[in-house]
Amino acid sequence: MFSFYALYDVYTKNQSNFYDIAMGPNQDFVALIHPQSKYYKMLYQHDQNGNLVQNPNANPAQLFYLQVSDQKYIDVNDPRNYDPNEPEPEHRSEGTLDEIIRNDARGWANAAEEEFANIKSTFNRFVSVFKSPQVKEATSKMSFEYADFRKKKHHALYQNCPNRHHHSSSAY
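If you count the sequence shown from 1, you need to add 362 to reach this note's numbering.
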């Protein structure tokens, strides 16, 4: 769940932070269902007066995950995301949403309700510290250059790994 929200934010917003990741599964999913999405029609229905009202039987979180699983392009407003005749773009072509994110969304959308609730509860327990305004402020000032991290830190982390010489092929 952590990686889904981190990657989705990086792809769609060009940034991610601990606060947004921690809040991810608890956000207002209704606002995230795009009006052009086929899931928008599942989220809303017309009442007896013809007014558009939210469908009380709809699960906005599940609809969001389904929408993301269908989302081909990074820009949520790209109309090609909502065109059923739009072919799948070439794997990992520029401007496309990575298949890893789409597959994760598909998994969350199709997870059994009780299983998903348990995962969400565990996730919330571990990331709850990042929901604090003080922690949000402190971590918002943190910046890591990904390339620098890989060059400087990865080698040191690997050298300090106690089992680095004992990897079996089954571990990968």
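Just so you know, even glycine gets a beta-carbon here, dropped at the ideal spot from N, CA and C.
- Alpha-carbon to alpha-carbon, N376 and V438: 13 Å
- Message: Which of the three DSSP states is assigned to L414 in this structure?
- Response: strand
- Message: Restricting to Cα atoms, I'd like to know which of H408, S431, N443 and V372 is closest to Q398.
- Response: N443
- With which residues is H579 paired in a DSSP beta bridge? Summary: the structure shown does not reach residue 579, with the chain confined to residues 363 through 534, and so no result is reported for it.
- Message: Let me confirm a value: D432 is counted as buried when at least 16 other C-beta atoms fall within 10 Å, else exposed. Which label applies?
- Response: buried
- Query: How close, in whole Å, do the beta carbons of Q407 and V392 come, if the pair is a contact with beta carbons under 8 Å?
  - Reply: Q407 to V392, Cβ: 13 Å. No contact.
- Message: Quick test of the definition: if touching needs 3 or more C-beta pairs under 8 Å, does the stretch 478 to 489 touch the stretch 363 to 375?
- Response: yes
- Query: Going by C-alpha distance, which of Q429, A420, D371 and V489 is nearest I395?
  - Reply: Q429
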